[in-house]
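Visitor:
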Amino acid sequence: MLTTAEESRHIPRWRSGRFLAVALGIYAAVALVGLIAPIVPPLERLVNEQNLIDFLKPPLSEGYPLGTDELGRDFMWRLIGGLGVSMSVGVVAAALSIVLGLVLGIVGGFFGRAAGVSVGVVTDVTWAFPEILLAIMLAGWLGPGLRSVVLAVALTGWASFARIVRGEVLSLRERDFVAASRVLGMSKLRISLRHLVPNLVPVMMVMIVFYMAAAIIAEAGLSFLGLGAQPPTPSLGLILARGRDSLHEAWWLVVLASALLGGLVMLLNAASDYLRDRLDPANVERQ
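When we follow numbering that gives the first Met the number 0, the leftmost residue of the sequence shown carries the number 0, and every step to the right adds one.
(1) Out of curiosity, what's the CA-to-CA distance linking A138 and A161?
(2) Write down the C-beta distance between P143 and L226 rounded to the nearest angstrom, noting that I regard them as a contact closer than 8 Å.
(3) To the nearest angstrom, how far is the alpha carbon of T232 from that of G71?
(4) Spatial neighbours of A30 within its chain, please: CB distance less than 6 Å, with the 5 preceding and 5 following residues excluded, ordered by chain position.
(5) Rounded to a whole number of angstroms, what is the C-alpha to C-alpha distance between A214 and S257?
(6) Is F209 buried or exposed, if buried means 16 or more other CB atoms sit within 10 Å of its CB?
(7) Keeping to the same chain, check which residues put their C-beta closer than 6 Å to that of P201; ignore five residues upstream and five downstream.
(8) From the DSSP output, in three-state form, read off S186 for me.
(9) Using a Cβ-Cβ cut-off of 7 Å (strictly less than) and excluding sequence neighbours within five positions of M203, which residues of its own chain qualify?
(10) Take the Cβ of A178 as the centre, count every other Cβ of all protein chains shown within 10 Å, and call the residue buried at 16 or more, exposed below.
(11) Are three or more beta carbon pairs between the stretch 31-42 and the stretch 54-63 nearer than 8 Å?
(12) What do you reckon, are the CB atoms on G119 and L169 nearer than 8 Å?
(13) May I ask you to list the residues that DSSP assigns as paired with D73?
(14) Is the beta carbon of V152 sitting closer than 8 Å to the one on A134?
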């Protein structure tokens, strides 16, 4: 059996903590520029300004490092704006999901049998439908737009969090520090805030990074179907949908947007694996 030190030698360099931190930091910095672009006039012009004379210019054209799209907009800046939209949707949707899942998971695991049964039934009903199908139904009902996407993705992702949190709470509630708090007369709410939530932080960190990747994919899929971002708002999914119509004469629209989206999802998945390994008590004890 490999020791922890030996296992670390077999971890690919691109999955090391330092590389992941730098790569995700670059993604986040670029996304921040794209996110603030709509409220900064010079940046907004770079993202949305049309030039029909220079439409579908290939990458490395003069003045356009990554070419232009079908409306002559600088594709590099369209990708920057799209990355900002997609990452912001992923962060907000994941945060809402984990808050909802955390609350319901603690209620289901610590606030009595009736609460546990109720949360379990709601979770099972939610799990009965594929998440993407449920998200499409909700987004279609709420109407197109980024707000609808955030709500749809958040309301379909909480069940996974709730189930994991409930399992952790069922284990934590038998610990000595929880029993001692009960003897001292602390309320369940106070015990939850003082003891359960802090002990759930490592699990939540792993889950929120993992679900950010899932939320970004879901946003791209919904925008691709016309249920998410609407023109001229950039979104990686919308860019892919528009680029599909020009695939033969403008391959870079789909290829570059797909590479940017795929790279982000891979990095987030690798980061969640890294956090899981670093925060797993068994691994910490071995180290």
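Heads up, the beta-carbon is just placed ideally off N, CA and C, and yes, glycines get one too.
On a predicted model such as this, the values are computed, not experimentally measured, just so you know.
Guide: Result, derived from the coordinates:
(1) Start at 1 with the first residue of the sequence shown, and residue 138 comes out as number 139. Start at 1 with the first residue of the sequence shown, and residue 161 comes out as number 162. If I take the Cα positions, the gap works out to 22 Å.
(2) Within the sequence shown, the letter at position 144 stands for residue 143. Within the sequence shown, the letter at position 227 stands for residue 226. Confirmed, about 5 Å.
(3) Locating residue 232 in the sequence shown gives position 233, where the first residue counts as 1. Locating residue 71 in the sequence shown gives position 72, where the first residue counts as 1. Using only the alpha carbons, I get a separation of about 15 Å.
(4) Along the sequence shown, read from residue 1 onward, the residue named residue 30 stands at position 31. Taken in chain order, the residues that qualify are L82, G83 and M86.
(5) Mapped onto the sequence shown, residue 214 falls at position 215. Mapped onto the sequence shown, residue 257 falls at position 258. Between A214 and S257, the C-alpha separation is close to 16 Å.
(6) By 1-based counting over the sequence shown, the position of residue 209 is 210. With 16 or more Cβ atoms within 10 Å of its Cβ, F209 is classed as buried.
(7) The count along the sequence shown starts at 1 and reaches residue 201 at position 202. Closer than 6 Å at the Cβ level, and outside the excluded window around P201, lie L278.
(8) Looking up residue 186 in the sequence shown gives position 187. It is coil, neither helix nor strand.
(9) As a first step, residue 203 is located in the sequence shown; it is residue number 204 there, counting from the start. So the list reads I97 and L101, once near-sequence residues are dropped.
(10) By 1-based counting over the sequence shown, the position of residue 178 is 179. By the beta-carbon neighbour count (other beta carbons within 10 angstroms, threshold 16), A178 is exposed.
(11) Contact fails: fewer than three Cβ-Cβ distances are below 8 Å.
(12) Position 120 of the sequence shown, counted from the start, is the residue given in the question as residue 119. Position 170 of the sequence shown, counted from the start, is the residue given in the question as residue 169. For G119 and L169, no; Cβs fall outside 8 Å.
(13) Locating residue 73 in the sequence shown gives position 74, counting from the first residue. Per DSSP, T67.
(14) Here the question's residue 152 lines up with position 153 in the sequence shown. Here the question's residue 134 lines up with position 135 in the sequence shown. Contact: yes.
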